[in-house]
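A short write-up of the structure that comes next.
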Amino acid sequence: MDAPILSISGLRAVFRIAGRDIAAVQDVDLAIGSGETVALVGESGSGKSVTSLSIIGLLPKKIGHIAEGSIALRRRDGTVTELTGLDPESLRKVRGNDIGMVFQEPMTSLNPVYTIGEQIAEPIRIHRGKSHRDAAADAVRLLAQVGIPDPDRRARQYPHELSGGMRQRATIAMALSCDPTLLIADEPTTALDVTIQAQILDLLAELQAQRGMGILFVTHNLGVVAEIADRVAVMYAGRIVESGPVSEVFTRPRHPYTAGLMRSVPRLGQASALKAAGTPLPTIAGNVPSLALLPKGCSFAPRCSMAVDACRTAVPPLFAATPTQQSRCLRWEDL
Amino acid sequence: MDAPFLSVRNLTKHFAPTAFSRGPIVRALDDISFDIARGQVVGLVGESGSGKTTIGRSVLRLIEPTSGEIRIDGVDITRLSAGPLARQRRKMQYIFQDPFASLSPRMTIGQILTEGLDIQGIGNRHERRARAQKALAAVELPVDAYDRYAHEFSGGQRQRIGIARALTLEPEFIVADEPVSALDVSIQAQIINLLRDLQLRLGLTMLFISHDLAVVEYICDTVIVLYLGRIMEVAPAAALYARPQHPYTRALLSAIPSLDPLAKQGRQVLKGDIPSPANPPTGCVFRTRCPVALDACAGTVPPLRATSDGHLKACIRDDIA
Chain A
1 MDAPILSISG LRAVFRIAGR DIAAVQDVDL AIGSGETVAL VGESGSGKSV TSLSIIGLLP
61 KKIGHIAEGS IALRRRDGTV TELTGLDPES LRKVRGNDIG MVFQEPMTSL NPVYTIGEQI
121 AEPIRIHRGK SHRDAAADAV RLLAQVGIPD PDRRARQYPH ELSGGMRQRA TIAMALSCDP
181 TLLIADEPTT ALDVTIQAQI LDLLAELQAQ RGMGILFVTH NLGVVAEIAD RVAVMYAGRI
241 VESGPVSEVF TRPRHPYTAG LMRSVPRLGQ ASALKAAGTP LPTIAGNVPS LALLPKGCSF
301 APRCSMAVDA CRTAVPPLFA ATPTQQSRCL RWEDL
Chain B
1 MDAPFLSVRN LTKHFAPTAF SRGPIVRALD DISFDIARGQ VVGLVGESGS GKTTIGRSVL
61 RLIEPTSGEI RIDGVDITRL SAGPLARQRR KMQYIFQDPF ASLSPRMTIG QILTEGLDIQ
121 GIGNRHERRA RAQKALAAVE LPVDAYDRYA HEFSGGQRQR IGIARALTLE PEFIVADEPV
181 SALDVSIQAQ IINLLRDLQL RLGLTMLFIS HDLAVVEYIC DTVIVLYLGR IMEVAPAAAL
241 YARPQHPYTR ALLSAIPSLD PLAKQGRQVL KGDIPSPANP PTGCVFRTRC PVALDACAGT
301 VPPLRATSDG HLKACIRDDI A
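Line order of the protein sequences matches chains A and B.
For the first sequence, position 258 matches number 258 in full-length UniProt numbering, and the numbering has no gaps at all.
For the second sequence, position 62 matches number 62 in full-length UniProt numbering, and the numbering has no gaps at all.
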């Protein structure tokens, strides 16, 4: 693999809550190559969004900050920039220029009082120094590229005049306006209906094939990961517990949390058989622990049916289960 | 066969513009008819704007239908005045989607659980407390939850509280409106198992609303697929997943991302957006996105009719079954 576009190592992001520093993310190592899609998957509070916000320097300023670690971005000109500790002005140049962002709720990431065309043209003017007229023409071209029919007319419309799927296409056009090397997509299809989600996933894959950008895809949906990602990192309680190529992790998970999560996902046609047999749906017992009250040792141990005493003494390191797959479980060989 | 517990006939709901809003009439529901037998669970599935929540609210008469008949246990609730309706409502409860918005942050769990009993004037203070504690036990929450507040609980636990609140009145019929959509995957299955267990144990009749076909399969006996305020297909759950008959059902099933990285190849992606219910297509409302639509589909609204293997489908094409 070429030098990665994005390389995170030892990331630790903390939030100050009730006078106490609580680590929302710790020991996170992650690399994304060009043309590669890496999915960060986990449940609420797992730290997946905090990781993506750390990259773009958008942690809530008053309470959150990066305490340790490095986030290195290879830029379009080939130079590598360390993003942690970058001053706000330089960071602003990186955001929207080298890194494009797409968020969950297209209505909140679009400004209701500007037309779609103006919003896509703005970063082109700011980051690329193009004239109003050229940037406006680029905006229409980008709308066509993201599959919006009649882009001339749509560019002159306001966000409320577009459907949810169209709006998400427009925010993708905005994210791509400066031809980023890295696209961060944080739950980009979660607010959409499944038939529209399928369209957006196809669109992202197609745009990536054309442009060769790296994608960090943050989601809670394992099915979406299987559809779009090359590699996956599974997060639990602020740490990556398993990572590797999707084809390996999904065929042979090496962490009991990943395995439990995969069993919990309802599979079409299977539930009828379970119901007929009077068997309950498979679940993971218990609840996700509060980050303020993490157990000693492995955070998953209290919910894990395989846990042994050693799991409760120290946080397990990442073991190389295969040359490409890593697991933070002492008993990965037993899975 | 016994008369169905819930019987909906020709239910139509149009939202007309008010003094404060302009625009056309929104046809949220058009001519919806279905039954639920006592002790059965029927799933309502569809995308945004399909009318699932409008049906759920209408059958408890939380909103007034424009026309149609809704019989619960033989009584047409669309014609009841306030007093008799309140008495009838004792039998029916609603479980909401968002376990954060649906529980008051200022009330203890005990107050939340006994409020319905207070309103219905059931029991004295001790009896109400006993009923609430029984409901807590039924949803597998500790008894000491009674004196605590909603913010002390996780999303999954809050949804258990929402279910307990529905149970305190010992209802016969529950509308569960996206009860697991706001929950994490590992918690979703816990709540579905709980609902299934309670439904069997208490013999509840249930209308289970979800946008996710994968979620309803386990709990539902029958599934109704909605699109833009109309029923597209009705079938027993197992048969619907094994042999979907309507092109929309097929597309919906095919759009659900599968854990199998190889499954993507057979996927069929619907083009375009869901049309606006203010301006639905003529004839079959699905025809504008249907991969097998014919010219004739624009002409008349396809009636819901039985297919050879026991499904009901609203599609004029028999050749693609």
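Quick reminder that beta carbons are idealized off the backbone N, C-alpha and C, glycines included.
Based on Cα-Cα distance, which residue from B:T282, B:L304, B:A238 and B:L253 lies nearest to S272 (chain A)? What you label residue 272 (chain A) is simply residue 272 of the first sequence in a count that begins at 1. Out of B:T282, B:L304, B:A238 and B:L253, B:A238 has the C-alpha closest to the C-alpha of S272 (chain A).
When you compare only the Cα positions, how much space is there between G299 (chain B) and V223 (chain B)? Residue 299 (chain B) sits at position 299 when you count from the first residue of the second sequence. Residue 223 (chain B) sits at position 223 when you count from the first residue of the second sequence. The straight-line gap from Cα to Cα measures roughly 27 Å.
So, under 8 Å CB-CB, I56 (chain A) and I215 (chain A) are touching, yes? Tell me the CB distance rounded to an integer number of Å. In the first sequence, residue 56 (chain A) corresponds to position 56, counting from 1. In the first sequence, residue 215 (chain A) corresponds to position 215, counting from 1. 14 Å between Cβ atoms; not a contact.
Under the criterion of a Cβ to heavy atom distance below 7 Å, does C304 (chain A) qualify as lining the ligand FMN? Among the components of this structure there are no ligands whatsoever, and the ligand FMN is therefore not found.
Here's a check: name, in chain order, each residue in its chain whose Cβ is nearer than 6 Å to the Cβ of R331 (chain A), leaving out the five neighbours to either side. Taking the first sequence and counting its residues from 1, one reaches residue 331 (chain A) at position 331. Correct list, in chain order: M306.
Proximity test, Cβ basis, 8 Å: Q325 (chain A) and chain B: On the first sequence, position 325 is the one that residue 325 (chain A) refers to. No, because no Cβ of chain B sits closer than 8 Å to the Cβ of Q325 (chain A).
Between the Cα of Q325 (chain A) and the Cα atoms of A:P316, A:T313, A:E248 and A:C311, which residue gives the shortest distance? Walking along the first sequence from the start, residue 325 (chain A) turns up at place 325. Comparing Cα positions, the closest option is A:E248.
Would you kindly work out how many angstroms separate the C-alpha atoms of A285 (chain A) and Q190 (chain B), rounded to a whole number? Here residue 285 (chain A) refers to the residue found at position 285 when the first sequence is read from its first residue. Here residue 190 (chain B) refers to the residue found at position 190 when the second sequence is read from its first residue. Answer to the nearest angstrom: the Cα atoms are 8 Å apart.
Give the secondary structure of A307 (chain A) by DSSP, where H, G and I count as helix, E and B as strand, and everything else as coil. As a working mapping, residue 307 (chain A) is identified with position 307 in the first sequence. In the structure shown, A307 (chain A) falls within a coil segment according to DSSP collapsed to helix, strand and coil.
Would you mind telling me which residues of chain B sit closer than 7 Å to T283 (chain A), beta carbon to beta carbon, in chain order? As a working mapping, residue 283 (chain A) is identified with position 283 in the first sequence. Correct list: S186, A189, Q190 and N193.
May I have the straight-line CA-CA distance separating R92 (chain B) from T18 (chain B), to the nearest angstrom? Stepping through the second sequence from its first residue, residue 92 (chain B) is reached at position 92. Stepping through the second sequence from its first residue, residue 18 (chain B) is reached at position 18. Contrary to the premise, residue 92 (chain B) reads as Met rather than Arg in this sequence. Each residue's alpha carbon lies about 30 Å from the other.
Mind checking if S243 (chain A) is an interface residue toward chain B, Cβ cutoff 8 Å exclusive? Against the first sequence, residue 243 (chain A) aligns to sequence position 243. Judged by the 8 Å Cβ criterion, S243 (chain A) is not in contact with chain B.
Taking 8 Å as the CB-CB limit, is H211 (chain B) close to chain A? If you number the second sequence from 1, residue 211 (chain B) lands on position 211. Chain A contact via Cβ: present.
Name the residues in the stretch 257-269 of chain A whose C-beta lies less than 8 Å from a C-beta of chain B; which are they? Listed by position along the chain: G260, L261, M262, S264, V265, P266, R267, L268 and G269.
Tell me which same chain residues have a C-beta within less than 7 Å of the C-beta of A251 (chain B), skipping the five on either side of it? Locating residue 251 (chain B) in the second sequence gives position 251, where the first residue counts as 1. Result list for A251 (chain B): Q268 and L270, in chain order.
Please report the distance separating the alpha-carbon of L169 (chain B) from that of R90 (chain B). Sequence index remark: in the second sequence, residue 169 (chain B) carries index 169 (1-based). Sequence index remark: in the second sequence, residue 90 (chain B) carries index 90 (1-based). The alpha-carbon atoms of L169 (chain B) and R90 (chain B) are separated by roughly 6 Å.
N- and C-terminal bounds of the beta strand (DSSP E) containing I224 (chain B): Mapped onto the second sequence, residue 224 (chain B) falls at position 224. Boundaries of the beta strand (DSSP E) harbouring I224 (chain B): T222 to Y227, taken from the DSSP string.
For I274 (chain B), does the three-state DSSP call read helix, strand or coil? By 1-based counting over the second sequence, the position of residue 274 (chain B) is 274. The answer is coil: DSSP assigns I274 (chain B) none of H, G, I, E or B.
Using the DSSP secondary-structure output, state which residues sit across from E233 (chain B) in a beta bridge. In the second sequence, residue 233 (chain B) corresponds to position 233, counting from 1. Answer is B:V225 and B:K313, bridged to E233 (chain B).
Give me the chain B residues within the contact set of M166 (chain A), using Cβ-Cβ distance strictly less than 9 Å, ordered along the chain. In the first sequence, the residue the question calls residue 166 (chain A) occupies position 166. Taking a Cβ-Cβ threshold of 9 Å, the residues of chain B close to M166 (chain A) are D273, in chain order.
Please compile the residues from chain A whose C-beta is within a distance smaller than 7 Å of the C-beta of G156 (chain B). Here the question's residue 156 (chain B) lines up with position 156 in the second sequence. In chain order, N287 make up the part of chain A whose C-beta sits under 7 Å from the C-beta of G156 (chain B).
In the DSSP assignment, find the beta strand (DSSP E) that holds residue 345 (chain B) and state where it starts and stops. Residue 345 (chain B) lies beyond the stretch modelled for chain B, which goes from 1 to 321, so this question has no answer here.
Could you name each continuous beta strand (DSSP E) segment of 3 residues or more that falls completely within the stretch 20-106 of chain A, going from the start of the chain to the end? With a minimum length of 3 residues, the continuous beta strand (DSSP E) runs that stay inside the stretch 20-106 of chain A are 20-32, 37-41, 64-74, 80-82 and 99-102.
Should the stretch 148-156 of chain B be regarded as contacting the stretch 214-231 of chain B, the criterion being three or more beta carbon pairs within less than 8 Å? Put simply, the stretch 148-156 of chain B does not touch the stretch 214-231 of chain B. Fewer than three CB pairs are less than 8 Å apart.
Beta carbon of A135 (chain B), beta carbon of A176 (chain B): below 8 Å? Locating residue 135 (chain B) in the second sequence gives position 135, where the first residue counts as 1. Locating residue 176 (chain B) in the second sequence gives position 176, where the first residue counts as 1. Cβ atoms of A135 (chain B) and A176 (chain B): not closer than 8 Å.
Cβ of I99 (chain A) within 8 Å of Cβ of P180 (chain A)? One-based indexing of the first sequence puts residue 99 (chain A) at position 99. One-based indexing of the first sequence puts residue 180 (chain A) at position 180. Contact: yes.
Nearest by alpha-carbon distance to G147 (chain A): which of A:R128, A:Q199 and A:Q104 is it? Counting from 1 along the first sequence, the entry for residue 147 (chain A) is found at position 147. When C-alpha distances from G147 (chain A) are compared across A:R128, A:Q199 and A:Q104, the shortest belongs to A:Q199.
Curious, which full-length alpha helix (DSSP H) runs of at least 4 residues does the stretch 168-211 of chain A contain? Whole alpha helix (DSSP H) segments, 4+ residues: 194-211.
For P247 (chain B) and Y94 (chain B), what's the separation of their Cα atoms in angstroms? The residue labelled residue 247 (chain B) in the question sits at position 247 within the second sequence. The residue labelled residue 94 (chain B) in the question sits at position 94 within the second sequence. About 31 Å.
Applying a beta-carbon distance threshold of less than 9 Å, which residues of chain B neighbour H65 (chain A)? For the purposes of this step, residue 65 (chain A) is taken as the residue at position 65 of the first sequence. Under the 9 Å cutoff, chain B gives no residues; its nearest Cβ is about 26 Å from H65 (chain A).
Taking C-beta to C-beta, are G51 (chain B) and L226 (chain B) nearer than 8 Å? Along the second sequence, one-based indexing puts residue 51 (chain B) at 51. Along the second sequence, one-based indexing puts residue 226 (chain B) at 226. Yes; because the gap between Cβ atoms is below 8 Å, this pair is in contact.
Find the nearest neighbour of P257 (chain B) within the set A:A39, A:I228 and A:R252, judged by alpha-carbon distance. Here residue 257 (chain B) is taken as the residue at index 257 of the second sequence, counted from 1. Ranking A:A39, A:I228 and A:R252 by Cα distance to P257 (chain B) puts A:I228 first.
Distance between beta carbons of I219 (chain B) and L44 (chain B), contact taken as under 8 Å: Here the question's residue 44 (chain B) lines up with position 44 in the second sequence. Here the question's residue 219 (chain B) lines up with position 219 in the second sequence. That pair is no contact at about 12 Å.
Given A292 (chain A), which residues of its chain have a CB within under 8 Å of its CB, disregarding the five upstream and five downstream residues? The residue you call residue 292 (chain A) lines up with position 292 of the first sequence. Result list for A292 (chain A): I17, R20 and I22, in chain order.
Under the three-state reduction of DSSP, which class applies to A13 (chain A): helix, strand or coil? Taking the first sequence and counting its residues from 1, one reaches residue 13 (chain A) at position 13. Looking at A13 (chain A) - three-state DSSP - the assignment turns out to be strand.
Taking the alpha-carbon positions, what's the P84 (chain B) to L11 (chain B) distance? Walking along the second sequence from the start, residue 84 (chain B) turns up at place 84. Walking along the second sequence from the start, residue 11 (chain B) turns up at place 11. So the two alpha carbons sit approximately 21 Å from each other.
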